[in-house]
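See below for the structure under consideration.
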Amino acid sequence: SQQGEEDPQALSIQEGENATMNCSYKTSINNLQWYRQNSGRGLVHLILIRSNEREKHSGRLRVTLDTSKKSSSLLITASRAADTASYFCATEVWGKLQFGAGTQVVVTP
Amino acid sequence: DAMVIQNPRYQVTQFGKPVTLSCSQTLNHNVMYWYQQKSSQAPKLLFHYYDKDFNNEADTPDNFQSRRPNTSFCFLDIRSPGLGDAAMYLCATSRVTVLSTEAFFGQGTRLTVV
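Sequence order for the protein chains is D and S. Using this note's numbering, the first residue of the first sequence is number 17, and each one after it goes up by one. Using this note's numbering, the first residue of the second sequence is number 184, and each one after it goes up by one.
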């Protein structure tokens, strides 16, 4: 069974706009991770946020974590066509890494 | 250099014929994972090894088994593949401690059942 649920399921934006996607999970976690997957390709790690952290930045990515609400958000600023991909959150609980359903993002030029 | 290597990249097997997928890592990570991913779906965790401890997901079919003979290698055995087992199989590794790292994924093995 999946630990995380994401919304929206799909997101279509224009280049330069920001993209925000949310992840909710059910149990206490060690950390939460975000991954990107281009069509038919492997998963690429984007960012990891630990349970004692509230916000983290990496380039154009900003991740927040609210453990009281069991939720996280991923913000991609100034999106580019190359950001078109599926984005997954994943929760780690003592070695068990489970993925949410994912958000499919399409960025049009 | 590839750090998590899956072989083969593409595997075609006959209905009911046992098949083995392999994964190796050069990262010396203590945890290895196998996921099944079908088209437009999220990766579904089948098993993971935390060091030598094997962890099977409750909804992983009995048809699926795994072996980890040493730190570097892990195998996924499908005893009698059915048409519904056609999917991408992803292997991943991570170092899980108090301060765990992210997971590193292989390129996957795409399994076709004919």
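Backbone N, C-alpha and C fix where the C-beta goes; we use that ideal spot for every residue, glycine too. Note that the coordinates shown come from a computational prediction; the quantities given were computed from them, not determined experimentally.
Suppose the cutoff is 7 Å on Cβ atoms and the five residues either side in sequence are ignored; what does the same chain contact list for T243(S) look like?
Residue numbering aside, residue 243(S) sits at position 60 when the second sequence is read from its first letter. Cβ neighbours of T243(S) beyond the five flanking positions: L229, F230.
What in chain D is Cβ-close to A270(S), meaning under 7 Å?
Working through the second sequence from its first residue, we reach residue 270(S) at position 87. Think of a sphere of 7 Å around the beta carbon of A270(S): no beta carbon from chain D falls inside it, the nearest being about 13 Å out.
For a contact meaning CB atoms closer than 8 Å, what does P226(S) contact in chain D?
As a position in the second sequence, residue 226(S) is number 43, starting the count at 1. Here the neighbours are L59, F104, F115.
Mind listing the chain S neighbours of Q49(D)? Cutoff is C-beta to C-beta under 8 Å, in chain order.
In the first sequence, the residue the question calls residue 49(D) occupies position 33. The contacting residues are E285, A286.
Please name the residue in E285(S), T280(S), M271(S) whose C-alpha comes closest to that of L294(S).
By one-based count along the second sequence, residue 294(S) stands at place 111. Checking every option, the nearest Cα to that of L294(S) belongs to M271(S).
Pull out every residue of the region 62 to 85 of chain D whose Cβ sits closer than 7 Å to any Cβ of chain S, in chain order.
L64
If you reduce the DSSP assignment to three classes, tell me which class A98(D) lands in.
For the purposes of this step, residue 98(D) is taken as the residue at position 82 of the first sequence. Secondary structure at A98(D): helix, using DSSP grouped into helix, strand and coil.
DSSP three-state assignment for D268(S), whether helix, strand or coil
As a working note, residue 268(S) is residue 85 in the second sequence. In this structure, D268(S) counts as helix in the three-state DSSP scheme.
Am I right that A101(D) and G20(D) are in contact with their C-beta atoms under 8 Å? What's the rounded C-beta distance?
For the purposes of this step, residue 101(D) is identified with residue 85 of the first sequence, where counting begins at 1. For the purposes of this step, residue 20(D) is identified with residue 4 of the first sequence, where counting begins at 1. Between A101(D) and G20(D) a beta carbon distance of about 17 Å is seen, past the 8 Å cut, so the two are scored as non-contacting.
For a test of the three-state rule: what should DSSP assign to S17(D), helix, strand or coil?
Residue 17(D) sits at position 1 when you count from the first residue of the first sequence. Because S17(D) carries a pLDDT of 46, less than 50, the predicted location of this residue cannot be relied on, and the following value inherits that uncertainty. It is coil, neither helix nor strand.
Could you please tell me which residues of the region 195 to 215 of chain S, in chain order, have their CB closer than 7 Å to any CB of chain D?
V214
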